[in-house]
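Enquirer: This is the structure, below, for whatever I ask next.
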Amino acid sequence: MRVLVTGAAGFLGSHLCDRLLADGHRVIGMDNYITGSPANLAHLEHHPAFQFVRHDVTTFIEVEGPLDAVLHFASPASPVDYLELPIQTLKVGSLGTHKALGLAKAKSARFLLASTSETYGDPLVHPQPETYWGNVNPVGPRGVYDEAKRFAEAMTMAYHRYHGLDTRIVRIFNTFGPRMRPHDGRVVSNFIIQALRGESLTVYGDGSQTRSFCYVDDLIEGIVRLFERGTADPTNIGNPGEFTVRQLAERVLALTGSKSEIVQRPLPVDDPRVRQPDITRAKQLLGWEPQVSLDEGLRRTIDFFRKSGTA
Ligand code: NAD
Ligand code: UDP
């Protein structure tokens, strides 16, 4: 297949490009580097099946020749990033998704949207099945991301229903691993960098809020299966293992051997209290479930940050 990946220079997009190339596909990576980095794709520079196009996907996307698939991953994803880039986040989720869908329709390509557990907002149903509609504050600071993704899902379903486009929606839960930006502000990279530098680990609030952390290799496997044999209905992909943020800080201290302290900082506005995917659908439809434990994933990520010299 010949495949376009938007957001290719980001954390997940770059891992997805690696996997698609390893599976024998030809890949066009597209990115405007707003939160991504050329370094994430540097190893593919001379790959004969990889091509990179620098482009902002909120404007018309032109790709010459046939295309079998569009995987739309472009969007700031860390809360720190999307709070700093509110308009760009809304634009890439709305205009960018529209352009990517329009391209898929013109090429009769399959389309996959990278959506998010944030569509559930601060959930009142726990764990979250795909049938839950969510509890999102549209005018709070996180609304720029949550509503952009909810719009993107609605737009994807409209192209599916009205134009008959072959579509997928993956609701990604917190994912971590090598190539996260050391300062993108997400909790796993923050804690690892702080622990390795001997700085205090910054727990927001009292640290009793929960998240479910999926290692990147597991996530990419789930996405590839969804792409190949899934359906148009949204599908959760994430690790159902649920931990408090304080427990995560303690695991990072134990695995790095760091003597850093844990300190409390104010809880961001609208920070979800709990988050855990119900992955029944992914298990039944795709035969998928995560294989990498939190500790093993953390070990691999700590190793990456140590070797990359960022800590
Ligand atoms: P990231 O910030 O590392 O990557 C996003 C990439 O999109 C960056 O390279 C950025 O430069 C690019 N981009 C943003 N706006 C663009 C535009 N207008 N035109 C072209 N490129 C643009 O984030 P990530 O963690 O790799 O997330 C990738 C996707 O997965 C996002 O859509 C995000 O919402 C979704 N997601 C990620 C997670 C997670 O835990 N990592 C969770 C839920 C959803
Ligand atoms: N968090 C924290 N310390 C940090 C960064 C984040 O305690 O240095 C908390 C944050 O408040 C949230 C959780 O960790 O409750 C996950 O935050 P992240 O930014 O990784 O993603 P989110 O799930 O909120 O989108």
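Each residue of the sequence shown is one higher than the one before, starting from 965 at the first, in the working numbering.
The beta-carbon is built from N, C-alpha and C at its ideal position, and this holds for glycine as well.
1. Per the contact definition of three or more C-beta pairs closer than 8 angstroms, is the segment 1107-1123 in contact with the segment 1176-1194?
2. According to DSSP, which residues form a beta bridge with Leu1250?
3. Please confirm if the segment 1014-1029 is in contact with the segment 1220-1227, defined as three or more CB-CB distances below 8 angstroms between the two stretches.
4. When DSSP builds the beta bridges, which residues end up paired with Thr1199?
5. Between the beta-carbon of Tyr997 and the beta-carbon of Thr1053, is there less than 8 angstroms?
6. I'd like to confirm the pairing. Which residues does DSSP put opposite Ile998 in its beta bridges?
7. With a threshold of 8 angstroms, are at least 3 pairs of Cβ atoms found where one atom belongs to the segment 1039-1057 and the other to the segment 1191-1205?
8. What do you get for Ala1006, buried or exposed, if any count of 16 or more other CB atoms within 10 angstroms of its CB means buried?
9. So if DSSP puts Ser1176 in a beta bridge, which residue, or which two residues, is it bridged to?
10. Are the CB atoms of Leu1250 and Gly1194 within a distance shorter than 8 angstroms?
11. Check whether the Cβ atoms of Ile1157 and Thr999 sit closer than 8 angstroms, and answer yes or no.
12. Return yes when at least one heavy atom of the ligand UDP lies under 7 angstroms from the C-beta of Asp1181, else no.
13. Can you list the beta strand (DSSP E) stretches of 3 or more residues lying completely in the segment 1044-1094, in chain order?
14. Tell me, which residues are paired with Val1227 by DSSP?
15. Provide the residue(s) that pair with Gln1015 in DSSP beta bridges, ordered along the chain.
16. Could you check which residue in Val1027, Glu1214, Ala1013 and Ile1136 has the C-alpha nearest to that of Ser1072?
17. Return yes when the Cβ of Val1151 is within less than 8 angstroms of the Cβ of Leu1076, no when it is not.
18. Using 8 angstroms as the threshold, is the C-beta distance between Ala1112 and Gly1149 below it?
19. On the three-state DSSP scale, how would you describe Val969?
20. For Ala1159, which of Arg1263, Thr970 and Val1089 has the nearest alpha-carbon?
Expert: In short, the structure shows the following:
1. no
2. According to DSSP, Leu1250 bridges with nothing at all.
3. Contact fails: fewer than three Cβ-Cβ distances are below 8 angstroms.
4. Val1134
5. no
6. None, per the DSSP bridge assignment.
7. Not touching, per the Cβ criterion.
8. exposed
9. Glu1206
10. yes
11. Not in contact: Ile1157 and Thr999 (Cβ atoms no closer than 8 angstroms).
12. no
13. 1074-1080
14. As a beta-bridge residue in DSSP terms, Val1227 pairs with Thr1166.
15. Ile992
16. Val1027
17. No, the Cβ-Cβ distance between Leu1076 and Val1151 is not below 8 angstroms.
18. no
19. strand
20. Arg1263
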